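Let me begin by presenting the structure, written as structure tokens, before commenting on it.
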Amino acid sequence: MLDKILTWVCYNAASCKPVQNSCYCLLPRDQHTCLQGTTTQAIAMGKNEFLTPKAIANRIKAKGLQKLRWYCQMCQKQCRDENGFKCHCLSESHQRQMQVFGQNPSRIVEGYSEEFERTFLDLVRRSHCFCRVAATIVYNEYINDRHHIHMNSTRWATLTEFVKHLGRAGHCKAEDIP
Numbered sequence: 001m002l003d004k005i006l007t008w009v010c011y012n013a014a015s016c017k018p019v020q021n022s023c024y025c026l027l028p029r030d031q032h033t034c035l036q037g038t039t040t041q042a043i044a045m046g047k048n049e050f051l052t053p054k055a056i057a058n059r060i061k062a063k064g065l066q067k068l069r070w071y072c073q074m075c076q077k078q079c080r081d082e083n084g085f086k087c088h089c090l091s092e093s094h095q096r097q098m099q100v101f102g103q104n105p106s107r108i109v110e111g112y113s114e115e116f117e118r119t120f121l122d123l124v125r126r127s128h129c130f131c132r133v134a135a136t137i138v139y140n141e142y143i144n145d146r147h148h149i150h151m152n153s154t155r156w157a158t159l160t161e162f163v164k165h166l167g168r169a170g171h172c173k174a175e176d177i178p
């Protein structure tokens, strides 16, 4: 089916007319020759210009951290708004990931918990080696990484629970300061 779609939209570089039984190409004109040996011209696909206001706004939105409620940890996908998240949840790839999660949810949550704990402790060792530091400060540094494991996907519901776990496990000395 893809081959049939590709044969409909190709332009000959010499005449800029549609060429039948040709191929669709997105390579620069000088780097591509068609399967039949004729040189083809890439079709401009309406890509936003680099410095248009819309392109700048999209880059700014994509650059920063988005709302946590629209993040899917299983798919590692951040959506910008509620509608995007709803569409993502209805997608086939998300449904497959949820089937995988449904087969053994405790193993997946435990894996996220271990990775969260390991990366959190690595950050403490690197940034605040032997210093006394508030857990919220370390956590705020941790979540600055765009690809961090979200605490919602771990076995700990709050940062307090997590810090108490670290203290019980002997990874650090946890003090409750009112």
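Be aware that the sequence shown starts at 1, since it is given in full-length UniProt numbering, and climbs by one per residue. Backbone N, C-alpha and C define an ideal beta-carbon position, used for all residues, glycine too. Just so we're clear, the structure is a prediction, and the values are computed from it rather than from any experiment.
query = Apart from the five residues just before and just after Gly111, which ones in its own chain have a Cβ nearer than 8 Å to its Cβ?
reply = As a first step, residue 111 must be located in the sequence shown, where it is residue number 111. If we look at Gly111 and ignore the five residues flanking it on each side, it has no Cβ neighbours.
inquiry  = On the CB-based measure, 16 or more other CB atoms within 10 Å of its CB, does Glu114 come out buried or exposed?
reply    = Sequence index remark: in the sequence shown, residue 114 carries index 114 (1-based). Glu114 comes out exposed.
key: Endpoints, the alpha helix (DSSP H) within which Pro105 is located   = Numbered from its first residue, the sequence shown carries residue 105 at position 105. Element bounds for Pro105: 105-127.
query = Is there contact here, the stretch 94-101 with the stretch 73-80, by at least three beta-carbon pairs under 8 Å?
reply = yes
Bridge partners - Lys77, DSSP secondary structure assignment = Within the sequence shown, numbered from 1, the residue matching residue 77 stands at position 77. Lys77 pairs with Cys72.
ask   = In its own chain, which residues sit with a C-beta less than 6 Å from the C-beta of Lys17, not counting the 5 before and 5 after it?
value = What you label residue 17 is simply residue 17 of the sequence shown in a count that begins at 1. With a pLDDT of 46 at Lys17, under the threshold of 50, the predicted position of this residue should be treated as unreliable, though the coordinate-derived value follows. So the list is empty, once near-sequence residues are dropped.
key: Member of His147, Asp176, Phe130, His148 whose CA lies at the smallest distance from the CA of Glu161   = In the sequence shown, the residue the question calls residue 161 occupies position 161. Among His147, Asp176, Phe130, His148, the Cα nearest to that of Glu161 belongs to Asp176.
query = Roughly how many angstroms lie between the CA atoms of Phe50 and Arg59, to the nearest whole one?
reply = What you label residue 50 is simply residue 50 of the sequence shown in a count that begins at 1. What you label residue 59 is simply residue 59 of the sequence shown in a count that begins at 1. For Phe50 and Arg59, the distance between alpha carbons rounds to 10 Å.
inquiry  = Please state the DSSP three-state secondary structure of Arg96.
reply    = Start at 1 with the first residue of the sequence shown, and residue 96 comes out as number 96. Three-state result, Arg96: helix.
query = From Ala13 to Gly84, what does the alpha carbon distance come to, in whole angstroms?
reply = Working through the sequence shown from its first residue, we reach residue 13 at position 13. Working through the sequence shown from its first residue, we reach residue 84 at position 84. Bear in mind that a pLDDT of 43 at Ala13, under 50, signals an unreliable position, so the number given afterwards is only what the model happens to contain. So the two alpha carbons sit approximately 39 Å from each other.
ask   = Just the Cα atoms here: how many angstroms apart are Leu159 and Val100?
value = To locate residue 159, count along the sequence shown from 1; it is residue 159. To locate residue 100, count along the sequence shown from 1; it is residue 100. Near 27 Å, if we compare the C-alpha coordinates of Val100 and Leu159.
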